[in-house]
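**Student:**
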Amino acid sequence: MPRFTGGAGGGDLSASETVTAYLEALSTGDAEKALSYSKSEPANADLLTSDTLSKQIAKMPITDIRILDDGEEMAGIGMASVKVAVKFGEQLSDSTVRLSKVEDTWKIDEAINKIELVSPSAADETLTLFGKELKKGEAFYVFPGFVEVGSSNDYIDVTADSPLLTGTIFSFRPTYELNDDGAEAVSTAVADAFAACETSKLLDPPDCPVKLNEYGAVDGTVTWGKADLSGVTIGELSPYDLTVQLSGTVATPVSFQNRDGGTESGTAESNLYNSVDISTSPPTLGR
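Quick note: the UniProt record's numbering has the sequence shown finishing at residue 287, numbered continuously throughout.
1) Is residue 83 helix, strand or coil when you go by DSSP?
2) Which partner residues does residue 258 have in the DSSP bridge list?
3) Residue 141 and residue 158: beta carbons closer than 9 Å?
4) Please specify which runs of the beta strand (DSSP E), each continuous and at least 3 residues long, are wholly inside the stretch 144–183, giving them in chain order.
5) Please return the same chain residues whose Cβ sits closer than 6 Å to the Cβ of residue 19, not counting the five positions on each side in sequence.
6) Specify whether the stretch 149–164 and the stretch 124–136 touch according to this definition: at least 3 beta carbon pairs, one from each stretch, less than 8 Å apart.
7) Helix, strand or coil for residue 57 per DSSP?
8) So, under 8 Å CB-CB, residue 272 and residue 250 are touching, yes? Tell me the CB distance rounded to an integer number of Å.
9) By alpha-carbon positions, which one of 100, 54, 64 ends up nearest to residue 75?
10) So what's residue 77 in DSSP terms, helix, strand or just coil?
11) Could you check what DSSP says for residue 27 in three-state terms: helix, strand or coil?
12) List the whole-angstrom C-beta distance separating residue 208 from residue 196, where the pair is believed to meet the contact cut-off of C-beta under 8 Å.
13) Grouping DSSP H, G and I as helix and E and B as strand, with all else coil, what is residue 141?
14) If you pair each beta-carbon of the stretch 60–80 with each one of the stretch 30–46, do three or more pairs fall below 8 Å?
15) Since I believe residue 29 is in contact with residue 53 (beta carbons under 8 Å), could you give me their beta-carbon distance rounded to a whole number of angstroms?
16) With the cut-off set at 9 Å, would you say residue 283 and residue 186 are in Cβ contact?
17) Should residue 92 go down as buried or exposed, given a rule of 16 or more other Cβ atoms within 10 Å for buried?
18) Mapping DSSP to helix, strand and coil, what is residue 124?
19) Within 10 Å of its beta-carbon, does residue 110 have 16 or more other beta-carbons around it, so buried, or fewer, so exposed?
20) Residues bridged to residue 266 by DSSP?
21) Looking at the unbroken beta strand (DSSP E) that takes in residue 64, where does it start and where does it end?
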(Lines of atoms letter the chains of each structure in order from A and count residues from 1; the text may use other names and numbers.)
(Lines give C-alpha, C1' and ligand atoms only; values in the text may rest on other atoms or scores of the structure.)
Protein backbone atom coordinates (compact mmCIF):
# COMPACT_ATOMS: atom_id res chain seq x y z
CA MET A 1 0.00 0.00 0.00
CA PRO A 2 1.58 3.30 -1.02
CA ARG A 3 1.84 6.14 1.46
CA PHE A 4 0.32 9.48 0.52
CA THR A 5 2.97 12.06 1.28
CA GLY A 6 1.58 15.48 0.50
CA GLY A 7 4.89 17.23 1.16
CA ALA A 8 6.99 15.04 -1.13
CA GLY A 9 7.44 15.46 -4.86
CA GLY A 10 7.49 18.72 -6.71
CA GLY A 11 10.11 20.53 -4.64
CA ASP A 12 11.74 23.26 -6.71
CA LEU A 13 10.20 21.97 -9.94
CA SER A 14 8.19 24.23 -12.20
CA ALA A 15 4.58 23.33 -12.98
CA SER A 16 5.49 21.71 -16.30
CA GLU A 17 8.42 19.87 -14.72
CA THR A 18 6.05 18.56 -12.04
CA VAL A 19 3.71 17.16 -14.69
CA THR A 20 6.64 15.55 -16.48
CA ALA A 21 7.99 14.06 -13.24
CA TYR A 22 4.54 12.71 -12.38
CA LEU A 23 4.14 11.00 -15.76
CA GLU A 24 7.68 9.63 -15.58
CA ALA A 25 6.89 8.15 -12.15
CA LEU A 26 3.82 6.49 -13.65
CA SER A 27 5.84 5.21 -16.61
CA THR A 28 8.32 3.47 -14.29
CA GLY A 29 5.61 1.97 -12.07
CA ASP A 30 6.48 4.05 -8.98
CA ALA A 31 3.05 4.53 -7.40
CA GLU A 32 4.32 6.18 -4.22
CA LYS A 33 6.29 8.80 -6.12
CA ALA A 34 3.39 9.46 -8.49
CA LEU A 35 1.05 9.98 -5.53
CA SER A 36 3.47 12.48 -4.02
CA TYR A 37 2.63 14.92 -6.84
CA SER A 38 -1.09 14.83 -6.05
CA LYS A 39 -2.71 17.80 -4.35
CA SER A 40 -5.36 15.75 -2.57
CA GLU A 41 -5.43 12.41 -0.82
CA PRO A 42 -7.80 9.80 -2.31
CA ALA A 43 -10.57 8.30 -0.18
CA ASN A 44 -8.88 4.93 -0.63
CA ALA A 45 -5.68 3.79 -2.29
CA ASP A 46 -6.55 0.12 -2.80
CA LEU A 47 -5.76 0.30 -6.53
CA LEU A 48 -3.09 2.99 -6.28
CA THR A 49 -0.31 0.48 -5.75
CA SER A 50 2.84 -0.28 -7.67
CA ASP A 51 1.45 -3.77 -8.30
CA THR A 52 -1.67 -2.40 -10.00
CA LEU A 53 0.33 0.30 -11.78
CA SER A 54 2.68 -2.34 -13.18
CA LYS A 55 -0.36 -4.09 -14.71
CA GLN A 56 -1.50 -0.80 -16.20
CA ILE A 57 1.80 0.06 -17.86
CA ALA A 58 2.29 -3.54 -19.03
CA LYS A 59 -0.86 -3.11 -21.12
CA MET A 60 -0.41 0.58 -21.93
CA PRO A 61 3.20 1.76 -21.59
CA ILE A 62 3.48 5.50 -20.96
CA THR A 63 5.80 7.09 -23.51
CA ASP A 64 6.50 10.20 -25.58
CA ILE A 65 5.79 12.81 -22.86
CA ARG A 66 5.73 16.27 -24.43
CA ILE A 67 4.90 19.59 -22.79
CA LEU A 68 2.95 21.68 -25.30
CA ASP A 69 2.40 24.74 -23.10
CA ASP A 70 3.81 25.36 -19.63
CA GLY A 71 0.62 27.25 -18.74
CA GLU A 72 2.16 29.35 -15.99
CA GLU A 73 0.45 32.64 -16.85
CA MET A 74 -1.31 32.52 -13.45
CA ALA A 75 1.67 31.22 -11.50
CA GLY A 76 1.71 34.45 -9.50
CA ILE A 77 -1.52 33.44 -7.77
CA GLY A 78 -0.46 29.82 -7.36
CA MET A 79 -2.25 28.30 -10.34
CA ALA A 80 -1.09 26.68 -13.58
CA SER A 81 -2.63 24.84 -16.52
CA VAL A 82 -0.04 22.73 -18.30
CA LYS A 83 -0.91 21.37 -21.71
CA VAL A 84 0.72 17.98 -22.22
CA ALA A 85 0.68 15.20 -24.79
CA VAL A 86 1.55 11.64 -23.78
CA LYS A 87 1.03 8.21 -25.26
CA PHE A 88 -0.67 5.43 -23.31
CA GLY A 89 0.12 2.40 -25.41
CA GLU A 90 -0.91 3.45 -28.91
CA GLN A 91 -3.42 6.04 -27.68
CA LEU A 92 -2.44 9.70 -27.61
CA SER A 93 -3.72 11.75 -24.69
CA ASP A 94 -3.74 15.50 -25.26
CA SER A 95 -4.80 17.11 -21.99
CA THR A 96 -4.60 20.21 -19.86
CA VAL A 97 -3.36 19.41 -16.36
CA ARG A 98 -4.24 21.91 -13.65
CA LEU A 99 -1.89 22.51 -10.75
CA SER A 100 -1.89 24.54 -7.54
CA LYS A 101 0.87 25.79 -5.30
CA VAL A 102 0.89 24.02 -1.91
CA GLU A 103 3.48 25.48 0.45
CA ASP A 104 5.55 26.71 -2.51
CA THR A 105 5.40 23.31 -4.24
CA TRP A 106 3.40 22.59 -7.37
CA LYS A 107 0.81 19.86 -6.91
CA ILE A 108 -1.48 18.32 -9.54
CA ASP A 109 -5.16 18.99 -8.83
CA GLU A 110 -6.43 15.77 -10.45
CA ALA A 111 -3.58 13.26 -10.43
CA ILE A 112 -5.93 10.34 -9.82
CA ASN A 113 -8.97 9.25 -11.79
CA LYS A 114 -12.09 8.73 -9.72
CA ILE A 115 -14.46 6.15 -11.18
CA GLU A 116 -17.93 6.46 -9.73
CA LEU A 117 -21.15 4.95 -11.06
CA VAL A 118 -24.19 7.13 -10.49
CA SER A 119 -27.50 5.24 -10.21
CA PRO A 120 -25.81 1.92 -10.96
CA SER A 121 -27.69 -0.82 -12.79
CA ALA A 122 -27.77 -4.42 -11.59
CA ALA A 123 -24.88 -5.12 -13.97
CA ASP A 124 -22.90 -2.15 -12.64
CA GLU A 125 -23.17 -3.64 -9.16
CA THR A 126 -21.17 -6.65 -10.39
CA LEU A 127 -18.36 -4.51 -11.83
CA THR A 128 -14.79 -5.24 -10.79
CA LEU A 129 -11.60 -3.29 -11.48
CA PHE A 130 -8.44 -5.35 -11.30
CA GLY A 131 -10.53 -7.99 -9.50
CA LYS A 132 -11.80 -5.59 -6.83
CA GLU A 133 -15.57 -5.29 -6.42
CA LEU A 134 -17.17 -1.86 -6.20
CA LYS A 135 -19.17 -1.55 -3.00
CA LYS A 136 -22.41 0.38 -3.14
CA GLY A 137 -21.83 4.10 -2.66
CA GLU A 138 -18.06 3.81 -3.09
CA ALA A 139 -15.76 4.82 -5.90
CA PHE A 140 -12.65 3.39 -7.52
CA TYR A 141 -9.48 5.49 -7.57
CA VAL A 142 -6.95 4.60 -10.26
CA PHE A 143 -4.00 6.14 -12.01
CA PRO A 144 -4.50 7.20 -15.64
CA GLY A 145 -4.08 4.39 -18.14
CA PHE A 146 -5.28 0.86 -18.69
CA VAL A 147 -8.11 -0.36 -16.48
CA GLU A 148 -8.88 -4.07 -16.20
CA VAL A 149 -12.64 -4.45 -15.98
CA GLY A 150 -14.56 -7.58 -15.12
CA SER A 151 -17.66 -8.84 -13.38
CA SER A 152 -18.30 -10.81 -10.22
CA ASN A 153 -20.96 -12.61 -12.28
CA ASP A 154 -19.37 -15.46 -14.24
CA TYR A 155 -21.93 -15.11 -17.03
CA ILE A 156 -21.00 -11.53 -17.96
CA ASP A 157 -18.20 -10.04 -20.05
CA VAL A 158 -17.38 -6.37 -19.53
CA THR A 159 -15.67 -3.86 -21.77
CA ALA A 160 -14.89 -0.19 -21.12
CA ASP A 161 -12.66 2.55 -22.43
CA SER A 162 -9.69 3.10 -20.15
CA PRO A 163 -9.60 6.61 -18.65
CA LEU A 164 -6.36 8.28 -19.63
CA LEU A 165 -5.01 11.63 -18.45
CA THR A 166 -8.34 13.41 -18.13
CA GLY A 167 -7.53 16.46 -16.06
CA THR A 168 -11.24 16.81 -15.36
CA ILE A 169 -14.47 14.86 -14.87
CA PHE A 170 -14.88 12.00 -17.33
CA SER A 171 -17.57 9.54 -18.27
CA PHE A 172 -17.00 5.86 -17.49
CA ARG A 173 -19.62 3.65 -19.09
CA PRO A 174 -18.95 -0.09 -19.08
CA THR A 175 -20.69 -2.34 -21.58
CA TYR A 176 -22.03 -5.68 -20.37
CA GLU A 177 -22.67 -8.72 -22.56
CA LEU A 178 -23.72 -12.30 -21.99
CA ASN A 179 -20.63 -14.46 -22.50
CA ASP A 180 -20.41 -18.00 -23.87
CA ASP A 181 -20.71 -19.53 -20.40
CA GLY A 182 -23.77 -17.38 -19.80
CA ALA A 183 -25.40 -18.41 -23.06
CA GLU A 184 -24.77 -22.06 -22.23
CA ALA A 185 -26.20 -21.60 -18.73
CA VAL A 186 -29.30 -19.91 -20.16
CA SER A 187 -29.79 -22.77 -22.63
CA THR A 188 -29.43 -25.25 -19.77
CA ALA A 189 -31.99 -23.36 -17.69
CA VAL A 190 -34.49 -23.54 -20.55
CA ALA A 191 -33.80 -27.24 -21.15
CA ASP A 192 -34.13 -28.02 -17.43
CA ALA A 193 -37.42 -26.14 -17.22
CA PHE A 194 -38.94 -28.13 -20.07
CA ALA A 195 -37.46 -31.35 -18.70
CA ALA A 196 -39.50 -30.72 -15.55
CA CYS A 197 -42.63 -31.11 -17.68
CA GLU A 198 -41.66 -34.71 -18.43
CA THR A 199 -41.94 -35.66 -14.75
CA SER A 200 -45.59 -34.60 -14.54
CA LYS A 201 -48.89 -36.07 -15.72
CA LEU A 202 -50.79 -32.81 -15.32
CA LEU A 203 -52.25 -30.54 -17.98
CA ASP A 204 -50.48 -27.59 -16.33
CA PRO A 205 -47.32 -29.02 -14.76
CA PRO A 206 -45.66 -27.05 -11.95
CA ASP A 207 -42.35 -25.37 -12.85
CA CYS A 208 -43.06 -26.06 -16.53
CA PRO A 209 -43.16 -23.24 -19.11
CA VAL A 210 -45.95 -24.85 -21.13
CA LYS A 211 -49.42 -26.28 -20.47
CA LEU A 212 -51.81 -28.36 -22.53
CA ASN A 213 -54.94 -26.49 -23.57
CA GLU A 214 -57.05 -29.43 -24.72
CA TYR A 215 -60.68 -29.50 -23.55
CA GLY A 216 -61.08 -33.24 -23.97
CA ALA A 217 -57.90 -34.21 -22.10
CA VAL A 218 -58.16 -35.84 -18.68
CA ASP A 219 -55.90 -34.17 -16.14
CA GLY A 220 -53.38 -36.58 -14.64
CA THR A 221 -53.07 -38.71 -17.79
CA VAL A 222 -50.70 -36.56 -19.85
CA THR A 223 -47.33 -37.88 -20.98
CA TRP A 224 -44.97 -35.06 -21.85
CA GLY A 225 -42.16 -35.84 -24.29
CA LYS A 226 -38.84 -34.08 -24.85
CA ALA A 227 -39.37 -30.53 -26.10
CA ASP A 228 -37.82 -29.34 -29.36
CA LEU A 229 -35.94 -26.18 -28.37
CA SER A 230 -34.25 -25.57 -31.72
CA GLY A 231 -36.56 -22.62 -32.40
CA VAL A 232 -35.60 -20.72 -29.23
CA THR A 233 -33.54 -17.54 -29.64
CA ILE A 234 -31.51 -16.11 -26.76
CA GLY A 235 -31.68 -12.31 -26.70
CA GLU A 236 -29.28 -9.73 -25.32
CA LEU A 237 -28.55 -9.15 -21.67
CA SER A 238 -30.50 -6.40 -19.92
CA PRO A 239 -27.98 -4.62 -17.66
CA TYR A 240 -30.79 -3.09 -15.63
CA ASP A 241 -32.07 -6.33 -14.09
CA LEU A 242 -29.66 -9.02 -15.37
CA THR A 243 -32.28 -10.84 -17.40
CA VAL A 244 -32.04 -12.34 -20.86
CA GLN A 245 -35.15 -12.35 -23.03
CA LEU A 246 -36.10 -15.51 -24.91
CA SER A 247 -38.23 -15.79 -28.02
CA GLY A 248 -39.34 -18.52 -30.39
CA THR A 249 -41.65 -21.49 -30.66
CA VAL A 250 -41.29 -24.72 -28.69
CA ALA A 251 -42.91 -27.95 -29.84
CA THR A 252 -43.49 -30.63 -27.20
CA PRO A 253 -44.87 -34.08 -28.06
CA VAL A 254 -47.74 -35.15 -25.77
CA SER A 255 -50.16 -38.01 -25.34
CA PHE A 256 -53.18 -38.12 -23.06
CA GLN A 257 -56.41 -39.92 -22.27
CA ASN A 258 -59.56 -38.23 -23.52
CA ARG A 259 -62.93 -38.11 -21.81
CA ASP A 260 -64.18 -41.01 -23.91
CA GLY A 261 -61.47 -43.28 -22.54
CA GLY A 262 -59.35 -43.23 -25.66
CA THR A 263 -55.76 -42.09 -26.06
CA GLU A 264 -54.70 -39.20 -28.22
CA SER A 265 -51.27 -37.86 -29.13
CA GLY A 266 -50.02 -34.72 -30.74
CA THR A 267 -47.81 -31.70 -30.25
CA ALA A 268 -48.20 -28.87 -27.76
CA GLU A 269 -46.81 -25.72 -29.34
CA SER A 270 -46.01 -22.67 -27.26
CA ASN A 271 -44.62 -19.25 -28.05
CA LEU A 272 -41.80 -18.55 -25.65
CA TYR A 273 -41.49 -14.96 -24.42
CA ASN A 274 -39.98 -15.72 -21.05
CA SER A 275 -36.90 -14.19 -19.49
CA VAL A 276 -34.01 -15.88 -17.73
CA ASP A 277 -32.56 -14.32 -14.59
CA ILE A 278 -28.76 -14.67 -14.63
CA SER A 279 -28.28 -12.98 -11.26
CA THR A 280 -28.77 -16.44 -9.76
CA SER A 281 -26.48 -19.42 -10.20
CA PRO A 282 -27.68 -21.42 -11.98
CA PRO A 283 -29.93 -19.01 -13.91
CA THR A 284 -33.69 -19.36 -13.49
CA LEU A 285 -36.43 -19.23 -16.11
CA GLY A 286 -39.46 -17.08 -15.35
CA ARG A 287 -42.90 -18.40 -16.25
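Virtual Cβ for every residue (Gly too), placed ideally from N, Cα, C.
**Tutor:** Working from what's here:
1) strand
2) 217
3) no
4) You should have 149–151, 156–159, 175–178.
5) 82, 84, 97
6) Contact between the stretch 149–164 and the stretch 124–136 is present, because at least three Cβ pairs lie under 8 Å.
7) helix
8) 5 Å
9) 100
10) helix
11) helix
12) 5 Å
13) strand
14) Fewer than three beta-carbon pairs drawn from the stretch 60–80 and the stretch 30–46 are found closer than 8 Å, and the two stretches are therefore not classed as touching.
15) 5 Å
16) Note that the C-beta distance between residue 283 and residue 186 is below 9 Å.
17) exposed
18) Three-state DSSP puts residue 124 in a helix.
19) buried
20) 254
21) 62–69
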